[in-house]
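Read the structure below first, then the notes.
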Amino acid sequence: MYTQQENDRFLKLINENTGIIIKICNSYCYNESDRKDLAQEIIFQLWKSNNNFNSDFKFSTWMYRIALNVAISFYRKGKKKLDSITALTEAHINIEDNTADAADTEERGILLQRQIADLEELDRAVILLYFEEKSYKEIAEIIGITETNVGTKVSRIKEKLKQKLNNQKLTGWKI
Amino acid sequence: MEDIELKNIWHEYDKKIEEAKILNLQSWVVNLQTFEHLQSQKAKSKLNALSTWKKWMIFMGIIWIAFLIFLIFNSLEFSKIFFVTSAGAIAIFNIIAVAMYIKHTILINEIDNSESLIETQKKLAALQTSTLKVVRILFLQSPFYTTFWWSPQMIAADPVAFWLISVPVTVFFIFLSGWLYKNISYKNAHKKWFKILFSSKEWTSVTKAMKYLNEIDEFKKEMQ
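As you go down the protein sequences, you meet chains U and H in turn. Residue 80 in the numbering used here is what sits at position 80 of the first sequence, and the numbering runs on without skipping anything. Residue 268 in the numbering used here is what sits at position 93 of the second sequence, and the numbering runs on without skipping anything.
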């Protein structure tokens, strides 16, 4: 059992990093109940590993490793990708903001998220970290590949995404 | 489309999702602070299910080995030399299999999610495919199932049938089991014979994990 002080420290840690957890959950499952389950599992694993933080790494590296490992394992348990994508569209199309620009941004966002969901689990982790402005060095540490390999992968994944989004642009961002 | 535009789409969309407050993480943290909840989550873990299954296999394996040893000790006479030798060999292969299952259950407890994604995912997938390593070992015992009923009296009574039927069947099983031992590996998971051999439903998670191991190997390769 943890002491009250440890509990408080953990709560603070989660509060400070809620964004990271939400983004990872959104990238690996878009169905609301799956997302809740995944967030819970990530928090549980962070809780379990709380005392084993290795100070050789940056805190965010440690947290991303745990959260992404849990997310990938959760995703691989057999959650249906297509169902999730459909749910994503339905769940987020109703966000309250009805201006034309906002709708356009949202549609593009959904399309980008959909293209990301089509990527393999590890490619998805790479591009997620890239979008989170992580350095190639940190991405390499989190994923476990070389910085050169990260650079090549990021370029290839970006090109793939751009190509798909450009095709969508030509058809007027239709979801 | 420029890189900056791609990042902007992501950030705009991400902002909207966060604003929608879909997740309330705080409440789960509070939930996690009760020991009971930790225990129920632990029980739900897939790895724990794998561990339970392996522990069950260890239990069954030990009973089977004990039974074989009992038979061996009750058959120690020259007329049953082939039976004793075959049962002994089968017991040895099963002891190895049980030892492997024990090792796997220890490895399950050593999985560390704070290692790099490649390391952890590879270990997890390897654990899921580990059953296959045990199956490879167990295939090696198959020739001994063709010899346990041999006896010196049987050979003396009908040597032609022994040399023309029994021995070729055993030799065939020796080559087959050796070949399977050498070739059952995730590197061959894409081959037709492999898919036929492991096509039943209970192998689905194993074959998926094998495919994933191949994907991880591909992912690790330096691209030009």
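The beta carbon of each residue, even a glycine, is placed where N, CA and C say it ideally should be. For clarity, every value in this text was computed on a predicted model and none was experimentally measured.
Contact annotation for Glu290 of chain H against chain U: Arg65, Asn69, Gly144 [CB-CB distance below 9 Å, chain order]. Cβ-Cβ separation between Ile21 of chain U and Ala39 of chain U: approximately 6 Å, consistent with a contact (criterion under 8 Å). Excluding its 5 nearest sequence neighbours in each direction, Val310 of chain H has C-beta neighbours in its own chain below 8 Å: Ile359, listed in chain order. Around the beta carbon of Met235 of chain H, fewer than 16 other beta carbons lie within 10 angstroms, which makes this residue exposed. Segment contact: the segment 257–277 of chain H against the segment 314–322 of chain H, three or more CB-CB distances shorter than 8 Å; contact assigned. If you compare the alpha carbons of H:Thr227, H:Phe248, H:Ile256, H:Ile270 with that of Trp239 of chain H, the shortest gap goes to H:Ile270. For a Cβ distance threshold of 7 Å, residue set Lys158 of chain U lies close to Asp178 of chain H, ordered along the chain.
For Tyr28 of chain U, the uninterrupted alpha helix (DSSP H) run begins and ends at 18–28, by DSSP.
Per DSSP, reduced to three states, the secondary structure at Ala262 of chain H is helical. In the DSSP annotation of this structure, the continuous segment of the alpha helix (DSSP H) that includes Ile142 of chain U starts and ends at 136–143.
Only residues of its own chain outside the window of five on either side were considered, and among them Ile66 have a CB closer than 6 Å to the CB of Leu46 of chain U, listed in chain order.
Setting aside the 5 residues that flank it on each side, Leu246 of chain H is surrounded in the same chain by Ala262, each with a C-beta closer than 6 Å to its C-beta; the list follows chain order. Look at Asn54 of chain U here: in three-state DSSP terms it is coil, with no helix or strand label.
Put simply, the CB of Thr295 of chain H is near chain U, with a gap under 7 Å to one of its CB atoms. Judged by DSSP secondary structure, Asp118 of chain U falls outside any alpha helix (DSSP H); it is assigned neither H nor E. Bounds of any alpha helix (DSSP H) do not take in Tyr361 of chain H, whose DSSP letter is neither H nor E. Contact residues of the segment 16–39 of chain U toward chain H are Thr18, Gly19, Ile21, Ile22, Lys23, Cys25, Asn26, Glu32, Arg35, Lys36, Ala39 (C-beta to C-beta distance below 8 Å). For the options H:Leu372, H:Phe268, H:Ile283, the alpha carbon positioned closest to that of Leu243 of chain H is the one of H:Phe268. Around the CB of Asp34 of chain U, 16 or more other CB atoms lie within 10 Å, so the residue is classed as buried. As summarised for the segment 255–303 of chain H, the continuous alpha helix (DSSP H) elements at least 4 residues long and confined to that stretch are 256–284, given in chain order.
Taking 7 Å as the threshold, the shortest C-beta distance from Phe394 of chain H to chain U falls below it. Our two residues, Leu181 of chain H and Asn284 of chain H, have alpha carbons roughly 41 Å apart in a direct line.
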